Amino acid sequence: MWIYEKKLQYPVRVGKCDIRMARYLSEQYGGADGELAAALRYMNQRYTIPDKVIGVLNDISTEEFAHLEMIATMIYKLTKDASVCELEEAGLGPHFAAHDHALFYNNASGVPFTAAYIQAKGDPLADLYEDIAAEEKARATYQWLIDMTDDVDLQDSLKFLREREIVHALRFKEAVQIIIDDRNQKRVF
Amino acid sequence: MEANPCDQRYYEMLEQLQTLDFALVELNLYLNTHPDDLRSIEQFNQLTQERTKLANQFQELYGPLQNFGRAYSKCPWEWNQTPWPWQV
Amino acid sequence: MESQLRRYTPFRGPFDPCPPVPFKTYVVPPNQFITFQPPDLPQFSLQEALKYGTLWPALFSPYESKCKGGGK
Numbered sequence: 020m021w022i023y024e025k026k027l028q029y030p031v032r033v034g035k036c037d038i039r040m041a042r043y044l045s046e047q048y049g050g051a052d053g054e055l056a057a058a059l060r061y062m063n064q065r066y067t068i069p070d071k072v073i074g075v076l077n078d079i080s081t082e083e084f085a086h087l088e089m090i091a092t093m094i095y096k097l098t099k100d101a102s103v104c105e106l107e108e109a110g111l112g113p114h115f116a117a118h119d120h121a122l123f124y125n126n127a128s129g130v131p132f133t134a135a136y137i138q139a140k141g142d143p144l145a146d147l148y149e150d151i152a153a154e155e156k157a158r159a160t161y162q163w164l165i166d167m168t169d170d171v172d173l174q175d176s177l178k179f180l181r182e183r184e185i186v187h188a189l190r191f192k193e194a195v196q197i198i199i200d201d202r203n204q205k206r207v208f
Numbered sequence: 243m244e245a246n247p248c249d250q251r252y253y254e255m256l257e258q259l260q261t262l263d264f265a266l267v268e269l270n271l272y273l274n275t276h277p278d279d280l281r282s283i284e285q286f287n288q289l290t291q292e293r294t295k296l297a298n299q300f301q302e303l304y305g306p307l308q309n310f311g312r313a314y315s316k317c318p319w320e321w322n323q324t325p326w327p328w329q330v
Numbered sequence: 002m003e004s005q006l007r008r009y010t011p012f013r014g015p016f017d018p019c020p021p022v023p024f025k026t027y028v029v030p031p032n033q034f035i036t037f038q039p040p041d042l043p044q045f046s047l048q049e050a051l052k053y054g055t056l057w058p059a060l061f062s063p064y065e066s067k068c069k070g071g072g073k
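Protein chains in written order, with the working numbering: chain W, 20 to 208; chain C, 243 to 330; chain B, 2 to 73.
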């Protein structure tokens, strides 16, 4: 089971009322390489991965949920006091028509989240290489988001999240090595 | 809740907690792939001890960090009180 | 710290409509050079670790906004 902890993993400050960024940030909320996709992908793959690396998937997935909450916090703070006109100017008119100020799992173009974004092949190497790729894609997305804002506070939280992708990718690479090197088990011919 | 949430001390203690917890997350992920690194396990256990102490102090002042029986409550029920993490 | 930035000049076609960018860049983060993290790597202080997003300087990858402060 999961126990919620009533705090963010890292402080999220938004220093500037730039509603436009809320729209772009949703790429990391409900996008193909976003935090929801990452969390769900790893949490689901853990059932069919060798025991030695279950913990890697379980715990990185859990951390991704904390990142999802950070992204949600950014979007929430940027949009909570926005008027309809301001939302429209920021390109969020279609979002408002369907969701008012509610957050929703869609990407920056408004496409709703789908499980088709993620994969579980049941082959440990195939799954782990997908995970490594997912981390690198998320890192790249964070770079483009950092490039799109001049709000140093927002940049600060996004830089933290970007670095986490780099560490996660390394842990998945180590998981690959553990699986490759596991010679304790009987060879199957 | 003893103290006013969102006062200066709240943010300071919260960041101290985030600091300790972050090191614990890093060591936890590292140990998942390095299970025989005794020195890191010792560091993990040491920081866990510090974290438990700080979390208890924080909860005494600002209410429970976790629910479902992981922290005590004063009256009225503290868990459901603001602020939630995305509000501060 | 050795730069993690790589640059290349994209081919310029004779009929490209827009003024060319002089070069393109991409980042090669330190995880590309580590297969398995060795034990006892030097650590950041805990405060620095939170700020940088990792406990180990060897895993840190700096990134600065192309937007910077003060708008485009």
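Glycine included, each C-beta is placed from N, C-alpha and C at the ideal position.
Note that this is a predicted model, so its numbers are computed, not measured.
Just so you know, the alpha carbons of Q299 of chain C and A245 of chain C end up roughly 12 Å apart.
Scanning its chain for C-beta atoms nearer than 8 Å, with the 5 sequence neighbours on each side dropped, one finds around E184 of chain W the residues E154, E155, A157, R158, Y161, in chain order. A188 of chain W belongs to the set of residues whose beta carbon lies under 7 Å from a beta carbon in chain B. A distance below 7 Å between beta-carbons, with the five flanking residues on each side excluded, links D52 of chain W to the following residues of its chain, in chain order: A153, K156, A157, T160. Across the set W:I73, W:K26, W:K35, W:E193, the C-alpha of W:K26 shows the shortest separation from the C-alpha of W321 of chain C.
Boundaries of the beta strand (DSSP E) around T26 of chain B: 25–28. Apart from sequence neighbours up to five positions away, the residues of its chain that approach G112 of chain W with a beta-carbon distance below 7 Å are L106, ordered along the chain. Excluding five sequence positions before and after G110 of chain W, the CB atoms of its chain that fall closer than 6 Å to its own CB belong to R42, given in chain order.
Distance check between L180 of chain W and each of W:W21, W:M20, W:V31 places W:V31 closest, using alpha-carbon atoms only. Secondary structure at L6 of chain B: strand, using DSSP grouped into helix, strand and coil. Between Y136 of chain W and the set W:G49, W:R39, W:I22, the nearest pair of CA atoms involves W:G49. Taking the beta carbon of M167 of chain W as reference, the chain B residues within 7 Å of it are C68, listed in sequence order. For P247 of chain C, the closest Cβ of chain W is not nearer than 7 Å. N287 of chain C is classed as exposed because its beta carbon has fewer than 16 other beta carbons within 10 Å across all chains shown. Residue environment for D201 of chain W: exposed (fewer than 16 other C-beta atoms within 10 angstroms of its C-beta).
Chain order gives no chain C residues near D17 of chain B, where near means a beta carbon separation below 9 Å; the closest approach is about 46 Å. Within chain C, the residues whose beta carbon sits less than 9 Å from that of A91 of chain W are W328, listed in sequence order.
Scanning W:A56, W:R65, W:L44, W:V195 for the CA closest to the CA of M89 of chain W turns up W:L44. Close to E193 of chain W, with beta-carbon spacing below 7 Å, are these residues of chain C in chain order: T275. P131 of chain W sits in a strand when the DSSP states are folded into three classes. Here the C-alpha atom of W319 of chain C lies approximately 42 Å from the C-alpha atom of F191 of chain W. Interface with chain W (7 Å Cβ-Cβ cutoff): Q308 of chain C is included. Contact note: A265 of chain C reaches chain B through L47, A50, L56, using a C-beta cutoff of 7 Å and chain order.
A contact is defined here as three or more CB-CB pairs under 8 Å, and the region 39–49 of chain B meets this definition with respect to the region 278–286 of chain C. Between I94 of chain W and L59 of chain W, the C-beta gap is not smaller than 7 Å, which leaves the two residues out of contact.
Boundaries of the alpha helix (DSSP H) around M167 of chain W: 143–167. Within the same chain, Cβ atoms closer than 7 Å to the Cβ of Y64 of chain B are found at V28, the five residues on either side in sequence being excluded.
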